[in-house]
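Just so it is clear: in the sequence shown, position 389 is 389 by full-length UniProt numbering, and no numbers are missing. Quick reminder that beta carbons are idealized off the backbone N, C-alpha and C, glycines included. Nothing here was measured: the structure is a model prediction, and the numbers come from that model. One structure is given below, encoded as C-alpha cells.
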Amino acid sequence: MPATLQVNPEDRADTALTVKDMRKKGQPWIIAVVALTILVLSAFLLFFVVREFKRSGDTKDVGSLTEDDWPEPNHGSLLARFKKAAVVADNGLCAEVGRNILLRGGNAVDAAIATLTCVGGINSHSCGIGGGFIMTLYDKATKKCHSLDARETAPLATNENSYKDDPKAAFTGYKSIAVPGEVHGMWTAFKLYGSGRVAFQDLIMPTVHLLNAGYPVTPLMAKSLQRLRAEILESPSLRAQFVNPSTGDVYLEGEVMKNPKLADTLKKLSTSGDPVKLFYKGEMADQIAAEISSNGGFLTKEDLENYKTVVSQKPLINDHFDDELVMCGPPPSSSFAVTQLLVSLMKRYYGTGSDANLIYSSDQFHHRFIEAQKFSFAKRTLLADPAFVKEAEELVANMTKKEYTNEIFKKITDHALADEEYGGHLAQPNDQGTTHVSVIDADGNAVSLTSSINNIFGSRQRSASLGIIYNDQMDDFSLPGVKNFFGFEPSPANFIRPGKRPMSSMSPMIIYNRHTGDVKMAIGAAGGSKIISAVAQTIVQTLFFNQTLKEAVDTPRLHNQFTPIHTLYEAGVPEPMLEALRARGQNLTLWKTVFSTVQAILRDTDGSLVANSDHRRPVHITSNVTKMNVDKSLDQLIAENKKKNKAGRGARKFNRRPKKQPGEGQAKFTNKQKPNRGGFANVTPRTDNRFVKVNIGNLSYTVKTELFAPYKPSKVNVHFDETGRSLHTADVVLHHRDAKRMVNDFRGIALDGRELKMLIVDDRAPVRVAPSIQQTLSALKKQVQQIAKRSPGAVVKKRGKKNVQKQKKKPDSEKKQQKSKDELDRELEEYMRKHKHPAITI
C-alpha cells in the first residue's frame, strides 16, 4: 500500500490563529529586539556624554600650581602706553624713526615703510631690501583691510629639479637667491596707501643718515655675527662690512658700525623719483643681475623686470570667531589662514573673560592649545601660492569659515591622537630670520608688516657695490625627494615654479571692531614657524583671558608644528605642568634658543594704545665702546629728567642751586645797556645767572626740544634744512649754571647712537639777554613813533646799530617826496608784519 502524507488539521495554512496565539508565539523575539535597541542607544549616549564631559570641563588643576610658580614677567619686555598712535619694532631707534614720521603728518603706511627701512639697515642679518615682506593694512575710514605680498619669487630659470644634484645650493650661495621684492613693495604701498603728506625721500633718508653716522651693534646682531664668525672672516664681501677694522674681528655688541655702501644705495633709491625703475629696470638692476649671474646664480635682469607686488583688496577675513571682533590678514604665501584657525579653535573653548588662572594651573588649557596647533599646522602642509595651486585658494577660504572650524573642533579630545588622525603627512621647510613692525596712527589706520631674507644673513652673499645682503628664499620651497629631518615627505604644493612665491610662516594680522571700526590689535612676529603659535597665544591670552599684553608676551610658550609631532617648550614651564601634559600623550622637548618675538599694539578698554616689544629679541644696548658707555632713547632721557625735577624744590637736595647773593638775579639794564632795536640788551653779566648759548652738534634726527626742558632754556633752536630734515645741530640759550649742568649731564651720552657734542660759546663775552615785556613794548613804541613822525630826508637808525651819525642834508633836487598818511600806514603795517610784533594801541 503506497505511503500517504498525513496532514494535521492544525497545520493547515488556512487554519485560523487568534491574536492571543500570535502574541504567545512572537513575544520572545520582540523582547530581544527592544532590548538590543535600548543597549545600542545607551552605548551611543554614554559615548557622547563622556566625550562632551571631556571636552567641556577642565580637569583638576595640576597640583597647586599658581601664577607664582611661573617665571616673573621679563623686565626686558618693553611696554608703553600711548593716547593716539604707536609704533613698535624690534629695534628702538627704528621705532623712533617711524614715530617721527607720524609726528610729521605721515600715516601708518608711511611710518611702517620708514621703520622697516631702518630695521633692514641696522639688522641687516635678518631683513632688508635684498628680501621681501607681507603687509596687512586697515583703513579706518572704510573699515576695510588690504594686503600686499612683496615676497620673493623664483627666477624664470628655476624649476623643481634645479637643486636635484645639490640641495644645499638652495640654502646658501648665489643659486639660493630669489627675486627680491622689498623695494617694489615699499614703493607700491607708498603710492597706493601713503598719506601724500611726507615724501618718499623723507621715509628713507633717516636711515641713510644713521648708516653714515654709525649705530651701535644690537645684541641679536652681535650673536648672529659670532654664530657665523668663521664664514664672515673668510668672505671678502661680508668681512668688509661686519669686521671691525680696529680689532680685526667681527663687531661686538655696542660697538659702532657704519654701512656707507648701503646708505649710498638707499639714498639713490630715495632721490631717484622712481625707485622701482632704478632697482628693477635701471642701473641697479644691471648691477644686481651681473653680480648674481656671474657667480652662477639663476636670477637675471628679466626676472627683476617681471617682478610685481600682489595687492589684494579682499584679504582673508574671519568674522565668526567673536561677536564684536574681526580678524583679517593676507592669503598665502602668508600663514594667516593657519594662525586664525588656531585662534578660532581656542575661542570655541574659552570665551571673553575666561579665568586667567587656567593659563597657569590647567594642563588641559595647554593640551588643547597643542592639539589645535597640530590640526592647524597639518593644513599648512597643503597651502601654497594660490596663483599656482588653485586648491590652496579654496582651502584657505574654507579655513576661515565657522563650519570648517567646527569640524576640526569635534576631533579634538583630551588625549593626544595618533599622528595620522590630524590630516597631514607632508612637510614644508622651516623659514627663519624675520622682523616685524606694527603701527597704529592717530586716524585709526593700522599696519602689520613682516619682512625677511629667510635664514640669518640670507644667502650669505653681500653685494660689494650696493651693500645689499641677498636673500636665500629658494630654500623656502619644497624639493622633490628631499625629506625633512624627521623623515616627512616634501609638500608638492610648495614645489618650485618660475615666478612662484614660496610658503612662509609670516602672519601679519589686524583685529578690529566690526561695530565701531576701531582697531583692537595690530600684531605679528619674527621667528620662522614659531610665528604662528606665538601670535595665536598672545591673542588668546589677551582677548579671551583679559591678560595684559606684557603678561601674554612674557608667558613661556609651547609650540607644535605637526612635523615634527613633538612639542617644543620654553624654559620656565613648571615641571608638574610638563608631567601632566606627558600623561596626556604629549612628547615634549626643551627649546634652548630664542622663540618667536612678538611686536604688538593693543587698544585698551579706555581707548589708549598699549604697545609691547618682546624681550626675546632685546633692543636695549650696553656698549663696549668707551665713548658710548650708555645708549638711551630720547623718551627715556626726557622721562628721567622729568622724574628728577618732578618733586620740586624740596627734591633738589643733590642738585641744589646756589643761594642768590645780594645783587644777583636777572641782569638789570643800566643807562649804557638800554635795549637795542631788537628788544635785547648787550650786557656783560657778573654772576653765574648770566645767559649763555650752547652750540650742540651730532644731534640725533629724532631730537625733541622737550629734551632740554629740565634746564629751563629761554630759547631752543633745532636746525632743519628746507625739506624738514634735521641738520644735526641746535642752539640752546640758558643760564650759565644750567648750561654747565646740561653739558655735564650729557657728557658721554649717546642719543640713539649719536654722541652729543656741546660747546658753551664764549661764556664771558657779552650775550643777548631777553628783556622784560615792559622794556620790549617801550622800545617798540619808540620805533612806531619814530616811523610815524619822520619827515622828508629823515633817516631811521638801522636796527642794532649805535651812534649812527645823521646824514648831511641833501640838496632840494635830491630830496625825497613826502609820503602820504596812507603810505606811512602801509609802511608801518609792513614793518609790524616783518618783525612779527604784536598789535599795539598807541
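- When Cβ pairs closer than 8 Å are counted between the two stretches, the segment 505 to 525 is seen to touch the segment 121 to 139, the count reaching three or more.
- Following the DSSP letters along the chain, one finds Asn744 inside the alpha helix (DSSP H) bounded by residues 736 to 745.
- By the criterion of a C-beta distance shorter than 8 Å, Lys712 is surrounded in its chain by Leu734, His735, Asp738, once the five residues flanking it on both sides are discounted.
- The Cβ neighbour count for Asn295, taken over all protein chains shown within 10 Å, is under 16; the residue is labelled exposed.
- Per DSSP, the continuous alpha helix (DSSP H) segment holding Leu345 begins and ends at 336 to 349.
- In the displayed model, Tyr163 falls within coil according to three-state DSSP, outside both helix and strand.
- With a 10 Å radius around the Cβ and a threshold of 16 neighbouring Cβ atoms, Gln313 comes out exposed.
- Two segments are said to touch when three or more pairs of C-beta atoms, one from each, lie closer than 8 Å; by this definition the segment 138 to 148 does not touch the segment 113 to 125.
- Per DSSP, the unbroken beta strand (DSSP E) holding Lys144 starts and ends at 144 to 150.
- Rounded to whole angstroms, the separation of the alpha carbons of Val718 and Asn695 is 10 Å.
- Partner residues in a beta bridge of Met503, as assigned by DSSP, do not exist.
- Note on geometry: alpha-carbon atoms of Leu93 and Asp745 lie some 21 Å from one another.
- For Gly353, same chain residues with a beta-carbon under 7 Å away, outside a window of 5 residues either side, are Asn546 in chain order.
- With respect to Glu305, Lys268 sits apart: the two C-beta atoms are not nearer than 8 Å.
- The Cβ neighbour count for Thr434, taken over all protein chains shown within 10 Å, is at least 16; the residue is labelled buried.
- For the set Val250, Leu210, Val208, the Cα lying nearest the Cα of Lys223 is the one of Val250.
- Contact between Ile523 and Ala416 is absent: CB atoms are separated by about 29 Å, not below the 8 Å threshold.
- DSSP places Lys402 within a helical segment (H, G or I) once states are collapsed to three.
- For Ser452, the enclosing beta strand (DSSP E) starts and ends at 446 to 452.
- Just measuring C-alpha positions, the residue of Val179, Val87, Lys168 sitting nearest Lys500 is Val179.
- Between the segment 449 to 462 and the segment 164 to 173, the count of Cβ pairs shorter than 8 Å is three or higher; the stretches touch.
- Collapsing the DSSP output to three states places Val437 in a strand.
- Taking C-alpha positions only, Asp202 is separated from Lys261 by approximately 19 Å.
- Counting C-beta pairs with one atom in each stretch, the segment 394 to 413 and the segment 465 to 484 have fewer than three that are closer than 8 Å, which means they do not touch.
- As DSSP reads the structure, Gly329 sits in a beta bridge with Leu316.
- In the pairwise beta carbon analysis, the segment 523 to 533 is classified as touching the segment 590 to 609: at least three pairs are separated by under 8 Å.
- Here DSSP, grouped into helix, strand and coil, assigns Phe190 to helix.
- For Phe477, there is no enclosing beta strand (DSSP E), as DSSP marks it with neither H nor E.
- Shown here for Gln287: same chain residues with a beta carbon closer than 7 Å to its own, the five before and five after excluded, namely Ser465, Leu466 in chain order.
- When C-alpha distances from Ile456 are compared across Gly444, Val447, Tyr470, Arg104, the shortest belongs to Tyr470.
- Cα atoms of Asn587 and Thr729: separation of roughly 59 Å, rounded to the nearest angstrom.
- DSSP places Val97 in the uninterrupted alpha helix (DSSP H) bounded by 92 to 103.
- For the 8 Å CB-CB criterion, Gly106 and Val198 form a contact.
- CA-to-CA, the gap between Lys84 and Glu182 works out to about 29 Å.
- For Leu602, there is no enclosing alpha helix (DSSP H); the residue is part of the beta strand (DSSP E) that begins and ends at 597 to 603.
- Residue burial annotation: Ala141 is exposed, with fewer than 16 other C-beta atoms found within 10 angstroms of its C-beta.
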